[in-house]
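Data block below; observations after.
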Amino acid sequence: MANPNKKKIVLPVAPDTEAHGPVKHLYSKKVKLPYGVPGHNLTEMEREVSIDEPPALPINEKLNVLGKRTKRVDAIYKVTGAAKYTADIQLPGMLFGKFLRSPHPHAIIKSLDVSAARRYPGVRAVHVLLMEPGGSVERDSGHDAPAETYNMDQLPRLRYVGQPIAAVAAESQYIANEAVKLIKVEYETKPFVLELDKARKKGAPIVFEEVIEDGGNEGDVGVKAADEQKGNLRGPTTGSFLGGPRGDVEKGFAEADFVLEKEYRTQVQTHCCLETHGVVADWQPDLLTVYASTQNTAGVRDDLAELFGLPKSKVRVITEYMGGGFGSKFGAGHFGVMATMLSKKAGRPVKLMLDREEEHLSAGNRPNSHQMLKMGFRNDGKITAIDLTSYGTAGVGLGAGVGRVAQDMYECPNFRTAQYDVFTHAGPGAAFRAPGNVQGVFALEQMIDEAAERLGMDPVKYRDLIDKHEVRKIQRMKGAEAFGWKYKKPGSDPGPIKRGFGMAQGHWTRFINLNSSATVRINKDGSVAIMSSVQDIGTGTKTILAQVVAEELGLMAEDITVKIGDTLYPDGPGSGGSVTAGSITPAVRNAAYKAKMELLGQVAGAWDVELSDLDMKNGEVFSKTDSSKKMSFGEATKKMRTNQVMATASRPDDYGGFEIGNGIGYGRLGSVQFAEVLVDTETGFIKVERVVAAHSCGRPLNPLQVESQINGGVIMGIGYALYEDRILDLNTGYQVNANLEQYKLPYSKEIPQIETVLIEHYGAFSSTDASGIGEPANIPTAGAIANAVYNAIGVRLYELPLTPQKVLAALGVS
Amino acid sequence: MNSPTHYCRFLRGKNAYGTVEGGDKPFLNFDPATTTYWCLRTMGPVGPDGQPAHLSNCGNTKRKCFAAPEVEKES
Numbered sequence: 028m029a030n031p032n033k034k035k036i037v038l039p040v041a042p043d044t045e046a047h048g049p050v051k052h053l054y055s056k057k058v059k060l061p062y063g064v065p066g067h068n069l070t071e072m073e074r075e076v077s078i079d080e081p082p083a084l085p086i087n088e089k090l091n092v093l094g095k096r097t098k099r100v101d102a103i104y105k106v107t108g109a110a111k112y113t114a115d116i117q118l119p120g121m122l123f124g125k126f127l128r129s130p131h132p133h134a135i136i137k138s139l140d141v142s143a144a145r146r147y148p149g150v151r152a153v154h155v156l157l158m159e160p161g162g163s164v165e166r167d168s169g170h171d172a173p174a175e176t177y178n179m180d181q182l183p184r185l186r187y188v189g190q191p192i193a194a195v196a197a198e199s200q201y202i203a204n205e206a207v208k209l210i211k212v213e214y215e216t217k218p219f220v221l222e223l224d225k226a227r228k229k230g231a232p233i234v235f236e237e238v239i240e241d242g243g244n245e246g247d248v249g250v251k252a253a254d255e256q257k258g259n260l261r262g263p264t265t266g267s268f269l270g271g272p273r274g275d276v277e278k279g280f281a282e283a284d285f286v287l288e289k290e291y292r293t294q295v296q297t298h299c300c301l302e303t304h305g306v307v308a309d310w311q312p313d314l315l316t317v318y319a320s321t322q323n324t325a326g327v328r329d330d331l332a333e334l335f336g337l338p339k340s341k342v343r344v345i346t347e348y349m350g351g352g353f354g355s356k357f358g359a360g361h362f363g364v365m366a367t368m369l370s371k372k373a374g375r376p377v378k379l380m381l382d383r384e385e386e387h388l389s390a391g392n393r394p395n396s397h398q399m400l401k402m403g404f405r406n407d408g409k410i411t412a413i414d415l416t417s418y419g420t421a422g423v424g425l426g427a428g429v430g431r432v433a434q435d436m437y438e439c440p441n442f443r444t445a446q447y448d449v450f451t452h453a454g455p456g457a458a459f460r461a462p463g464n465v466q467g468v469f470a471l472e473q474m475i476d477e478a479a480e481r482l483g484m485d486p487v488k489y490r491d492l493i494d495k496h497e498v499r500k501i502q503r504m505k506g507a508e509a510f511g512w513k514y515k516k517p518g519s520d521p522g523p524i525k526r527g528f529g530m531a532q533g534h535w536t537r538f539i540n541l542n543s544s545a546t547v548r549i550n551k552d553g554s555v556a557i558m559s560s561v562q563d564i565g566t567g568t569k570t571i572l573a574q575v576v577a578e579e580l581g582l583m584a585e586d587i588t589v590k591i592g593d594t595l596y597p598d599g600p601g602s603g604g605s606v607t608a609g610s611i612t613p614a615v616r617n618a619a620y621k622a623k624m625e626l627l628g629q630v631a632g633a634w635d636v637e638l639s640d641l642d643m644k645n646g647e648v649f650s651k652t653d654s655s656k657k658m659s660f661g662e663a664t665k666k667m668r669t670n671q672v673m674a675t676a677s678r679p680d681d682y683g684g685f686e687i688g689n690g691i692g693y694g695r696l697g698s699v700q701f702a703e704v705l706v707d708t709e710t711g712f713i714k715v716e717r718v719v720a721a722h723s724c725g726r727p728l729n730p731l732q733v734e735s736q737i738n739g740g741v742i743m744g745i746g747y748a749l750y751e752d753r754i755l756d757l758n759t760g761y762q763v764n765a766n767l768e769q770y771k772l773p774y775s776k777e778i779p780q781i782e783t784v785l786i787e788h789y790g791a792f793s794s795t796d797a798s799g800i801g802e803p804a805n806i807p808t809a810g811a812i813a814n815a816v817y818n819a820i821g822v823r824l825y826e827l828p829l830t831p832q833k834v835l836a837a838l839g840v841s
Numbered sequence: 226m227n228s229p230t231h232y233c234r235f236l237r238g239k240n241a242y243g244t245v246e247g248g249d250k251p252f253l254n255f256d257p258a259t260t261t262y263w264c265l266r267t268m269g270p271v272g273p274d275g276q277p278a279h280l281s282n283c284g285n286t287k288r289k290c291f292a293a294p295e296v297e298k299e300s
């Protein structure tokens, strides 16, 4: 739970303490909360909290609704097709948009003429992206004289295939698709570079020729950004919120009994959201309404309000159902801004959904990496030094680092890292489920296994020795037990098909978004509703919110109406970084508690009893001291003076405060996964037979949904380990597999038996004590599979994906 | 209004914590190595002047596309 290196690192300045400061309470109280892992070290922790906080919840086994395997409240709508995703939205008079995108990886647009497209029957608006201040908003707001032609000074330099240039809106998708082809463009192509290694070399085509630097670049947590750029190389970044270098790495290597030094490579992975990125934008004089496939409704609203100069109250963003984002669906996006622009021009709603090819080319990706990892070990197993250098490309974007697992997962007094970005002429990267950490674990966890073998130790036992994370220790124990872990000598199976066992573990910071609010409304007819802009991105947020309120009010989850994903309601958090459950559920519980107290107060008045004498459970309101005084929840609400009682609450600070600033909580989310593989040494084919995934996410609010999330994380990890790989044509810059046929995801026959071991862990952090699971579920999978493949064949693979070709090459089979 | 910063109000970033915005909000630069940046005006990782959108570039008042923070438009 504790950071093993905490005493040895210098934490940066707290983020926004000066701006916001910790919340002060006029009145506080002390509560005792469950703390630890039931069956292992469960005890109580006393916390001083605001007087407004609800009573402590006991552990799950003592609850009625929370912690129970509960079917999704919206499952029926999903399986019957009644659920409306953004792509399903149809509005009266709606137009359809289509982008013109760059066909070249590097080019200048010498001229552009939209006149033919504008004249095409059925076209209602055309918009061209202009590279000048205010370029993405309309300068000719009256549309009196829309420009037909543009010159090269106004137009963007094209730096990747798929870069948006312009778009049209038309009466049908077919018309839009045809019309966009009529935009005449004269390109002057330029030299380009696509490969990480070549882009680093002297003389490589330069992606950004001139960079303007400035002063203060430390943000508000005091972390220095990587601002040095030479050619296409930018960086290095040497620190993060966990601090910078520590100790003396060279001294640490000198003290080591042996040193391991290896290079690892990971590929570019695209998000492959089954629902592509897109919006339906409806610009009306009094309100801009945007139906968005987004992980952050409030963020899209804020972006559009900022860009179009609108008050936030005049922008409404709705995400009722959403089909996957994995980090790539934050912000309005180029499609969101373009659809809004086209709607404003046409005076009609515009739907602009990316197609699958556009999704691959321009909607983000997990950057690749080339990692050089060097670690020193003593013969007693202790790690004396870690030195990690990485290069990665997020195409024309930045953020290709490899995370903080090497810095933070194991105790080591001497650490340094240098993480470089390399620009290439390829589509920009985007946050992707545990950014950096998935790449980092692939390297780190293989090296830990190598060290264990060198030490003659079982990999699980070796991690028990060097990993001080208490919950992960339990995960290893329980996971190994479920897996039937028994160390097997690498490559020892006879015959061509060899079985292997491997494991790896992960580490994720517990982030909390304090801008998380919700309203709970109890109506006189006994119905109850939750309202927040927080969105359910497919993880089951609607269901856990219903469970939280049901538990508080003594009802069942199906009794609660969940109205979320709409910025008309109080702001909820964006859903990324595994923040949602830990951020919004305490706000919802606290709002439910306030509304409950209001209702009970009115009942207490009617019965002439003390408020503290009343409670709710099993659909009843009752006196705790007089068994004659009870009534159903519905009867109680009929006694309300008004038609409803409502309460709104926001996420309070963590009980006990934050480790860093206002949002980085104490306690890391650990994860451990075990994999069993079969490797055919004649064909190189790898089959993952079984995965046991041991995880914790604080209080599991709905184990059924947690398991579902873990299944998804493991499947995504298998795709990353074995199949997925964005392949660019080195002659044209095109992605040759920009589809879901040649870009292979795991399908049913590649999905193994997945067994989940869920550790219930209480940290006494909030009124629900829940945390997220999205990131932890995905971090260790590829590392575990790589270690299992080594165990099967006795030869280690250092580059993802682990293809048959690489297996055969490693085995020396031609 | 929060304490003003000098980052362009059209700068956006996404890191493990969530979305961070330029302008008058604190810019939470938790981990620059894994943070992606983009410019709201161009809808991409490049500003209107063709330079990368990044924390170290977008606080530069000399940059012709720099837009100073404004008070939030809440009504």
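The listed protein sequences correspond, in order, to chains C and D.
If you use the working numbering, the first sequence corresponds to residues 28 to 841, in order.
If you use the working numbering, the second sequence corresponds to residues 226 to 300, in order.
From the three backbone atoms N, C-alpha and C, an ideal C-beta is built for every residue, glycine too.
Near residue i, what residues of its chain come up, given a Cβ to Cβ distance below 6 Å and the 5 sequence neighbours on each side ignored?
| i | result |
| --- | --- |
| C/A206 | A144, Y147, V150, V195 and A197 |
| C/H387 | T297, Q762 and A765 |
| C/A622 | V547, I549, V672 and A674 |
| C/N464 | G430, V432 and I806 |
| C/V834 | G711 |
In chain D, what lies closer than 9 Å to residue i by C-beta?
| i | result |
| --- | --- |
| C/E703 | By Cβ distance, chain D contributes nothing, its closest Cβ being about 30 Å from C/E703, past 9 Å. |
| C/V423 | G269, P270, V271 and P277 |
| C/T367 | Within chain D, no residue comes near C/T367; the closest Cβ sits about 11 Å away, beyond 9 Å. |
If you compare alpha carbons, which of the options is closest to residue i?
| i | options | result |
| --- | --- | --- |
| C/T316 | C/V307, C/K95 and C/H52 | C/V307 |
| C/S355 | C/D329, C/A366, C/G391 and C/L334 | C/G391 |
| C/D140 | C/S677, C/I192 and C/G740 | C/I192 |
| C/N91 | C/L580, C/H788, C/I800 and C/K771 | C/L580 |
| C/L134 | C/K105, C/N406, C/G189 and C/A83 | Reading off the sequence, residue 134 of chain C comes out as Ala, not Leu. When only C-alpha atoms are compared, the closest one is C/G189. |
Leaving out five residues on either side along the sequence, give the residues of the same chain with a beta carbon under 7 Å from the beta carbon of residue i.
| i | result |
| --- | --- |
| C/V487 | R503, A507, W512 and M530 |
| C/S77 | H52, S55 and P679 |
| C/I742 | P773 and I778 |
| C/M474 | L287, K289, L400 and M402 |
| C/Y620 | P81 and E579 |
| C/G422 | Y187, T451, A453, G454, P455 and G456 |
So, does the CB of residue i fall closer than 7 Å to a CB anywhere in chain D?
| i | result |
| --- | --- |
| C/L400 | no |
| C/Q446 | yes |
| C/P462 | yes |
| C/L6 | Since the first residue shown for chain C is 28 and the last is 841, residue 6 of chain C is missing from the structure and cannot be characterised. |
| C/R273 | no |
| C/F538 | yes |
| C/G243 | Note that C/G243 scores a pLDDT of 47, beneath 50, so its modelled location is shaky; the value from the coordinates is reported in the next line. Yes - at least one Cβ of chain D is within 7 Å of the one on C/G243. |
Going along chain D in order, which residues have a C-beta closer than 8 Å to the C-beta of residue i?
| i | result |
| --- | --- |
| C/A457 | K239 and T261 |
| C/T303 | Going along chain D, no residue has its Cβ under 8 Å from C/T303, so there is no contact; the nearest lies around 16 Å. |
| C/N364 | Just to set this straight, residue 364 of chain C is Val in the shown sequence, not Asn. Those are L265 and M268, listed as they occur along chain D. |
| C/D329 | E246 |
| C/P600 | G243 |
| C/S267 | F255, D256, P257 and A258 |
So which residues on chain D does residue i lean against when the C-beta distance must stay under 7 Å?
| i | result |
| --- | --- |
| C/L314 | The contacting residues do not exist; C/L314 stays about 12 Å from chain D at best. |
| C/G694 | In chain order: nothing, as chain D lies at least about 16 Å away. |
For residue i, count neighbouring C-beta atoms within 10 Å of its own C-beta (all shown protein chains included) and say buried if the count is 16 or more, exposed if not.
| i | result |
| --- | --- |
| C/I687 | buried |
| C/I103 | exposed |
| C/F819 | The question names Phe, but residue 819 of chain C in the sequence shown is Ala. It is buried - the Cβ of C/A819 has at least 16 other Cβ atoms within 10 Å. |
| D/P277 | buried |
| C/L379 | buried |
| C/L595 | exposed |
| C/T790 | The displayed chain sequence assigns Gly, not Thr, to residue 790 of chain C. Burial call: buried. |
Using a Cβ-Cβ cut-off of 8 Å (strictly less than) and excluding sequence neighbours within five positions of residue i, which residues of its own chain qualify?
| i | result |
| --- | --- |
| C/F404 | A283, D284, F285, V286, L287, I410, T411, A478, R481 and L482 |
Residues within the stretch 252 to 269 of chain D neighbouring chain A, beta-carbon criterion of under 8 Å: Looking at the structure shown, chain A is missing, and the protein chains on hand are C and D.
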